[in-house]
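Counting from 1, one number per residue, gives the positions in the sequence shown under the working numbering.
All C-beta atoms in this analysis are idealised placements derived from N, C-alpha and C, irrespective of residue type, glycine included.
The structure presented is a predicted model; accordingly, all values stated were derived computationally and were not measured.
Accompanying notes for the structure given below.
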Amino acid sequence: MRLTCTINGEAREVDGVWEGESLLYVLRERLALPGSKNACEQGECGSCSVYLDGELVCACLVMAGQAEGREIVTVEGLAPSEEELHPIQDAFLQAGAVQCGFCTPGLIVATHDLLARRVGGDPITDTEIREALAGNLCRCTGYEKILDAVRLAAS
Numbered sequence: 001m002r003l004t005c006t007i008n009g010e011a012r013e014v015d016g017v018w019e020g021e022s023l024l025y026v027l028r029e030r031l032a033l034p035g036s037k038n039a040c041e042q043g044e045c046g047s048c049s050v051y052l053d054g055e056l057v058c059a060c061l062v063m064a065g066q067a068e069g070r071e072i073v074t075v076e077g078l079a080p081s082e083e084e085l086h087p088i089q090d091a092f093l094q095a096g097a098v099q100c101g102f103c104t105p106g107l108i109v110a111t112h113d114l115l116a117r118r119v120g121g122d123p124i125t126d127t128e129i130r131e132a133l134a135g136n137l138c139r140c141t142g143y144e145k146i147l148d149a150v151r152l153a154a155s
């Protein structure tokens with residue numbers, strides 16, 4: 001099958017896609033977008049989080065055929081350019097929240113989603129952060145630096 005969709009603002013076409021392939025597989029293996037990580041393949045860890053038509057999803061749970069004609073934004077698509085980081089990416093670096101880096105793309109996309117959904121100017125709470133990142137697992141940290149990064153990005 002041919003998959004036609006928009007990825008990170010660019011119209012893309014991929015031939016030879018099996019409908020049962022995951023969107024994650026297509027992104028990483030067919031389109032050379034390695035930012036979303038393949039960790040659990042069960043939607044439990046959040047490492048493969050992407051936007052699908054503006055909705056945060058685990059790309060490992062979305063079949064390639066379901067992405068036909070839709071808009072996908074990956075962690076690569078958040079940055080304004082290849083030479084520039086998104087402020088959230090920069091906050092993760094500044095706070096030392098990047099360790100092995102496997103969970104980081106999913107955490108960054110989930111943080112982006114959290115901050116995009118916030119209304120009002122009240123300071124972000126740890127409860128809000130923890131709820132927004134609850135679907136993302138990290139094996140390297142105690143999460144404190146990740147929380148620091150989200151607070152920094154929100155400020």
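{"Asked": "For the candidate residues ALA154, ARG151, GLY65 and HIS86, whose alpha-carbon lies nearest to that of LEU3?", "Found": "GLY65"}
{"Asked": "Got a sec, what are the start and stop residues for the alpha helix (DSSP H) ILE124 sits in?", "Found": "From DSSP, ILE124 is part of no alpha helix (DSSP H); its letter is neither H nor E."}
{"Asked": "Report yes if the C-beta distance between GLY145 and ALA95 is below 7 Å; otherwise report no.", "Found": "The question names Gly, yet the displayed sequence has Lys at residue 145. Yes, the pair counts as a contact, with Cβ atoms nearer than the cut-off."}
{"Asked": "Determine, using beta carbons only, whether ARG12 comes closer than 7 Å to chain C.", "Found": "The chain labelled as chain C is not found in the depicted structure, where only one protein chain is given."}
{"Asked": "If LEU52 sits next to VAL62, beta carbons under 8 Å apart, how far is it from one beta carbon to the other, in whole angstroms?", "Found": "6 Å"}
{"Asked": "One question on the structure: do THR6 and GLU71 come within less than 7 Å of each other, judged by their Cβ atoms?", "Found": "yes"}
{"Asked": "By alpha-carbon positions, which one of PRO105, HIS112 and ARG117 ends up nearest to LEU24?", "Found": "PRO105"}
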